[in-house]
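Comments concern the structure below.
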DNA sequence: GCCACAACATACCAAATAGTATGCTTTCGG
DNA sequence: CCGAAAGCATACTATTTGGTATGTTGTGGC
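Chains as they are written, first to last, in the numbering used here: chain A, 763 to 980; chain B, 763 to 980.
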């Protein structure tokens, strides 16, 4: 009994309804933040009222958690297959970074909320410290970072990457890419070409940051 | 008549009082966000009540703006002298980055609020779109970024940096450094050694991202 | 054709909170 | 030594908002 509608005769319809709520909420959270966005505002953006939202979610926080889950799920779907391939770590990592950043730009609201929103204003203040859901989200983020750390480690062992701790290197690596959520303003109509040029510049920057200037290949 | 206390006989005392408010507010904004932090909570953290705060600030938003101003002022004080020196752009930039990041880590609350907090939840919702203060803050941020862009441009002309647009290169450059405000959790007792090792790793990463792998030093 | 339940909308409530109005005490210039 | 303003605290208000309780309408199964 996770909520009122998930275990019904038409679970796919419920999924769609929840997805629409998640999208609307993410749009507003991105612009105004979590606490400054009212449930009524989310409903109004959907052309509905609170009743619709509370029929699918029992609280505002659950919507927030669902945004996180959606964001992480989408990231895994795009990046994990690449990580599992064989081949030179440098190539894999570059394509992983491209997939990550591309998704970041294409579903900015969800990803921005997910990446900047994991703050304490929910957990410290409310009773979410021991939440099962919270632990799940944190585990997802850790696993995701670990996926990159392993490829970086593999590259370091072959000598193409610098020899700092992989865990420490992932920080600026993600910083280079995730910082788009701070400075990039999605245009009305964002051309693929626009996105691709940003991806290219940032991914190459991130890769140069890892590479060892002295270490030749092999 | 900026506020009630600035043009009095003891402006320095008022400055101290305001600085204490700014610090307390930044601490709470960092953890809970702007809207989720009540004026009463800020007052309580100072061992006082609202009266004390509203004696120096006429609104919550003014406190927020003062945090931004303080953060930018401190950054300029630390970085601008280095930018004005002569010498190889690469050396100057590295030391500018170090100063920037060092300050970032040492006054995390103020800097984190300043760097991540310039959101719309104030301006779109309220009547702050045409605020004089807001324009001033934005100008400061632009000038600050421009300072780095110029040094990067100088380095690109000597051939040590890659040839992308300086404006585009500053994004991942700041991303590498400012992302600490997302992942770094200030320890109870943060040793200088701790901070220095982080500075070193991130600054070197940021510099490698700029450097042209093919371009030897002029 | 009826019934149970999904899928909402509407009305309502209690708590939180930005801001104000006012009162009290200390300090200081003349 | 006194008036006036600084430097607060206290009491109060109007509004916003998360959440609930209670409708109302459509719809699929039998």
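Note that the Cβ used here is the ideal one computed from N, Cα and C, for glycine as well.
It should be emphasised that the depicted structure is a prediction, and the values quoted were computed from it without experimental measurement.
Simplified DSSP assignment, three categories, for residue 950 of chain B | coil
Inter-stretch contact (C-beta, 8 Å, three-pair minimum) for the region 928–936 of chain B and the region 916–928 of chain A | no
Taking only beta-carbon atoms, is residue 833 of chain A less than 8 Å away from chain B?
-> No, no contact with chain B.
With 16 as the cutoff for other CB atoms within 10 Å, does residue 832 of chain A come out buried or exposed?
-> buried
Other residues of its chain near residue 963 of chain A: CB distance less than 6 Å, five sequence neighbours each side excluded | Spatial neighbours of residue 963 of chain A in its own chain (CB-CB distance under 6 Å, excluding positions within 5 residues in sequence) are not present.
What residue from B:870, B:955 and B:906 has the CA that sits closest to residue 793 of chain B's CA?
-> Out of B:870, B:955 and B:906, B:870 has the C-alpha closest to the C-alpha of residue 793 of chain B.
Between the beta-carbon of residue 943 of chain B and the beta-carbon of residue 834 of chain B, is there less than 8 Å?
-> Cβ atoms of residue 943 of chain B and residue 834 of chain B: not closer than 8 Å.
Taking the C-alpha atoms as reference points, what is the distance between residue 877 of chain A and residue 903 of chain A?
-> 9 Å
C-alpha gap between residue 839 of chain B and residue 858 of chain B, whole angstroms = 11 Å
So, is the C-beta of residue 949 of chain B closer than 8 Å to a C-beta in chain A?
-> no
Closest Cβ-Cβ distance between residue 823 of chain A and chain B: below 8 Å?
-> For residue 823 of chain A, the answer is no, since every Cβ of chain B falls outside 8 Å of its Cβ.
Identify, in the order they occur along the chain, each residue of the same chain with its Cβ nearer than 6 Å to the Cβ of residue 940 of chain A, setting aside the five sequence neighbours on each side.
-> 877
How would you list, in chain order, the residues of chain B whose beta-carbon sits under 7 Å from the beta-carbon of residue 920 of chain A?
-> Correct list: empty, because the minimum Cβ distance to chain B is about 17 Å.
What are the start and end residues of the alpha helix (DSSP H) that includes residue 826 of chain B?
-> Element bounds for residue 826 of chain B: 822–846.
C-beta neighbour in chain B for residue 968 of chain A, strict 8 Å = With a threshold of 8 Å between beta carbons, residue 968 of chain A makes contact with chain B.
Could you give the C-beta distance for residue 842 of chain A and residue 909 of chain A, rounded to a whole number, given that I count them as a contact under 8 Å?
-> 7 Å
Residues near residue 852 of chain B by beta carbon distance below 6 Å, same chain, minus five either side = Counting only Cβ-Cβ distances below 6 Å, and skipping sequence neighbours, we find 917 and 922.
Apart from the five residues on each side of it in sequence, which residues of its chain come closer than 8 Å, Cβ to Cβ, to residue 862 of chain B?
-> 837, 840, 841 and 939
Could you tell me whether the region 800–812 of chain B touches the region 797–807 of chain A, where touching means 3 or more Cβ pairs closer than 8 Å?
-> no
Do residue 798 of chain B and residue 797 of chain A have their C-beta atoms closer together than 8 Å?
-> In contact: residue 798 of chain B and residue 797 of chain A (Cβ atoms closer than 8 Å).
Say whether chain B places a C-beta atom closer than 8 Å to the C-beta of residue 900 of chain A.
-> So, not an interface residue.
Based on the DSSP secondary-structure assignment, which residues constitute the bridge partners of residue 973 of chain B?
-> B:923
Contact residues within the region 770–800 of chain A, judged by C-beta distance below 8 Å to chain B | 793, 794, 795, 796, 797 and 798
So, using beta-carbon positions, are residue 829 of chain A and residue 812 of chain A closer together than 8 Å?
-> no
Backbone CA spacing between residue 776 of chain A and residue 818 of chain A [nearest angstrom] = 8 Å
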